[in-house]
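Protein chains in written order, with our numbering: chain A, 32 to 135; chain B, 10 to 147. Ideal Cβ placement from N, Cα and C applies to all residues, glycine included. Every value quoted in this text rests on a predicted model; they were computed, and no experiment measured them. First comes the structure, then the notes that go with it.
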């Protein structure tokens, strides 16, 4: 059995390189995305603003349990328009509010 | 906000540009739904920048909810490291400010460790716990 130099290089260098590249791509594709989702205190937080409510009407449709749960995703209010409206402050005419504040 | 606009143009949900992974979103969804259902109040979570009078901005956001008197807003600004809990007039009777402060303390402890989703879930559970069961009116 005689291998030419090209075949030798292909088998003993090409195949290992291919395997290494595949594993590298797999690891990088999954972990890089996950790490970028993390919030680290002190580092700038560059994500889009999000606003969550529970699914509207989820409490009233208790009869249709699985359907309600399957269909109930985050009823997210569109951040853009709402935030654009925010400085106008036309809807502050409700009763007094309470609550708490904190920092970290 | 520009990120949200481009995302909606490309047909991708805006939530995916937020700071949460899909499992975290599911946990948050579950916590919100449980809190709403057990208390009859409306809980809402905002994560993003707040303008300079933080309290005032959070109260404005709270005022934009459907029924502000029965709503509780958790507003969190990770950039400014600020956490605001706003309770409406009716909700305040169920969740006194001292209980809200207690929930805020445990939430900020989690946020200081970098765990946004965990802190939110804990805070929601605590607030719902303090509010207690819903009266039959809902």
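As the crow flies, the alpha-carbon of residue 97 (chain B) is around 31 Å from that of residue 71 (chain A). Apart from the 5 residues on each side of it in sequence, residue 94 (chain B) sits with its Cβ closer than 6 Å to the Cβ of 83, 109, 113 in its chain, given in chain order. The Cβ-Cβ distance between residue 58 (chain B) and residue 66 (chain B) does not fall below 7 Å.
If you look at residue 129 (chain B), you'll find it isn't in any beta strand (DSSP E); it sits in the alpha helix (DSSP H) that goes 125-140. At a cut-off of 7 Å between C-beta atoms, residue 138 (chain B) does not count as an interface residue with respect to chain A. Listed along chain A are 70, 76, each with a C-beta nearer than 7 Å to that of residue 87 (chain B). Counting every other CB atom within 10 Å of its CB across the protein chains shown gives residue 43 (chain A) a total below 16, marking it as exposed. Counting along the chain, the unbroken beta strand (DSSP E) around residue 130 (chain A) starts and ends at 129-134.
Counting along the chain, no beta strand (DSSP E) covers residue 43 (chain A), and no H or E run does either.
Only buried fits residue 128 (chain B), as 16 or more other CB atoms lie within 10 angstroms of its CB. A Cβ-Cβ distance of about 21 Å is found for the pair residue 119 (chain B) and residue 47 (chain B), leaving them out of contact under the 8 Å criterion. Annotation note: the stretch 13-59 of chain B contains the following uninterrupted beta strand (DSSP E) runs of length 3 or greater, listed N- to C-terminal: 51-56.
Below the 8 Å Cβ cutoff, chain A contributes 84, 85 as neighbours of residue 51 (chain B), in chain order.
Put simply, the CB of residue 37 (chain A) is far from chain B, with every gap to its CB atoms at 7 Å or more. Contact annotation for residue 132 (chain A) against chain B: 63, 64, 91, 92, 93, 94, 113 [CB-CB distance below 8 Å, chain order]. Distance from the CA atom of residue 130 (chain A) to the CA atom of residue 62 (chain A), rounded to whole angstroms, is 39 Å.
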